[in-house]
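First up is the structure itself, then whatever we jot down about it.
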Amino acid sequence: MNGLTRGAAENAAMENAAAEHAAAEHTAADTNEPEPYVALKEWAVAVKALAEGKQIMVLRKGGIAEETRDFRLKSTRFFLLPAYEHQRPGLLKEAYRDDLKAALDGWTPGSPTVEIAAYAEAADDIEIFDQETVDRLANYHIWTDTFTEERLKWKRKQPLHLLLLRVYRLERPVPLPMRDAYAGCKSWVGLEDFPEGLRGQAVLSDAEFARRAAEIRAAIAR
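Heads up: the sequence shown runs through residues 4 to 225, numbered per my numbering.
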């Protein structure tokens, strides 16, 4: 991801001089990544919402096939790998159910390729333990109360991780061969066959992302 993150930093610096600090963070963090191209698996409809700026957060507890018992932030910078299985319209707010149809457009079970269109920086990893806090976040994501309640209750002794994500759209979507290693209920995968040097464009401005992140943090703190 070295070329990608440098490119994202260069774009940000050209767009806004105030992004120089963020660009420096991109470069400084490159050597800390545990894998060359690590990706977080997330519902395709959620990846679409993140890439369109409809939300800046995801809620995670780890997958059934997770190597550890709980979710761990494997990298602070990662691609977003859309997962198509197990998505149910009934777990999405009505306003976003058409987005699920759009996310599924062109996909078929057993498809030989998967398309990567965005990557993210984790601005925060907040642990949540109670339903009251989860309820206060209802206005900031696409999921129903049923979905968030189920996610909190699963692996009850483990916290629910709220990741605040600064998302960047790639200059062009990248189709990758769908490998067996990408399948299954897991949070993280190591991508193969990924081209280097791609640039990314921030979905939200620095100011807009900071405003939304502050709102979510304030809702949690109440």
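No residue lacks a Cβ here, since even glycine has one placed at the ideal position from N, Cα and C.
Chain-order list of residues whose beta-carbon lies under 6 Å from that of residue i (same chain, five-residue window excluded)
i: G56; result: V206 and L207
Within 9 Å, strictly: CB atoms of residue i and residue j
i: V117; j: P85; result: yes
i: V48; j: A123; result: no
i: F74; j: S190; result: yes
i: P176; j: E195; result: no
i: Y143; j: K44; result: no
i: I145; j: D101; result: no
i: L168; j: A125; result: yes
i: L76; j: L173; result: no
Residue(s) in a DSSP beta bridge with residue i
i: T116; result: P180
i: P85; result: E45
i: V61; result: L166
i: Q134; result: Beta-bridge pairing links Q134 to no other residue.
i: A121; result: R172
i: W146; result: L95
i: P205; result: The identity of residue 205 in the sequence shown is Ala, whereas the question assumes Pro. Y171.
i: R100; result: Paired residues: none, contrary to the question.
i: R80; result: E124
Which of helix, strand or coil DSSP assigns to residue i
i: D128; result: strand
i: L163; result: strand
i: V192; result: strand
i: E199; result: coil
i: G93; result: helix
i: K154; result: The question names Lys, yet the displayed sequence has Arg at residue 154. If DSSP states are grouped into helix, strand and coil, R154 belongs with the helices.
i: Y40; result: coil
Proximal residues to residue i (C-beta, below 7 Å), its chain only, five neighbours per side dropped
i: T136; result: I223
i: W46; result: A86 and Q90
Distance between beta carbons of residue j and residue i, contact taken as under 8 Å
i: A105; j: K51; result: 7 Å
i: H164; j: E211; result: So it is not a contact: roughly 23 Å between Cβ atoms.
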